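Chemist: Encoded as structure tokens, here's the structure I'll be asking about.
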Amino acid sequence: LFQSRIGQLELSCASCHDDNWGKRLGGSVIPQAHPTGYPLYRLEWQTVGSLQRRLRNCMIGVRAEPFAFGAPELVDLELHLTERARGLLVETPAVRP
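Residue numbers (the numbering used here): 53 to 149.
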């Protein structure tokens, strides 16, 4: 799923988080997709949220139908992202815009 283009904008997770990390999107810096801060407090949400909530928001952002919370696809994507972050420091709970 990380490499699969989805939604009306036909973007994959890799389109932003591998090819354009460090650049800006909507005033925020695009991270490298390391979920080391989850669960985190998001200013936009005004509460603590899960990685699945953020993934669903990204899907909505590329105009794709988001998977349901707990869907196997989201669980697989969480596992992939966690593997990408192997060896990095955990910073939870983090704060993001």
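Every residue gets a Cβ at the ideal spot worked out from N, C-alpha and C, and that includes glycine.
Quantities reported herein were computed from a predicted structural model and do not represent experimental measurements.
Between the Cα of Ser-56 and the Cα atoms of Arg-105, Trp-97, Gly-78, Met-111, which residue gives the shortest distance?
Modeler: Met-111
Chemist: Can the beta-carbon of Pro-145 be found less than 7 Å from the beta-carbon of Ser-80?
Modeler: no
Chemist: Would you say the region 89-105 touches the region 61-72, given that touching needs at least three Cβ pairs under 8 Å?
Modeler: no
Chemist: Between which two residues does the beta strand (DSSP E) harbouring Arg-94 extend?
Modeler: Taken as a continuous stretch (DSSP letters only), the beta strand (DSSP E) holding Arg-94 covers 92-94.
Chemist: Between which two residues does the beta strand (DSSP E) carrying Arg-148 extend?
Modeler: 146-148
Chemist: Could I get the ranges of all uninterrupted beta strand (DSSP E) runs contained in the region 84-144, with 3 residues as the minimum, in chain order?
Modeler: 92-94, 99-101
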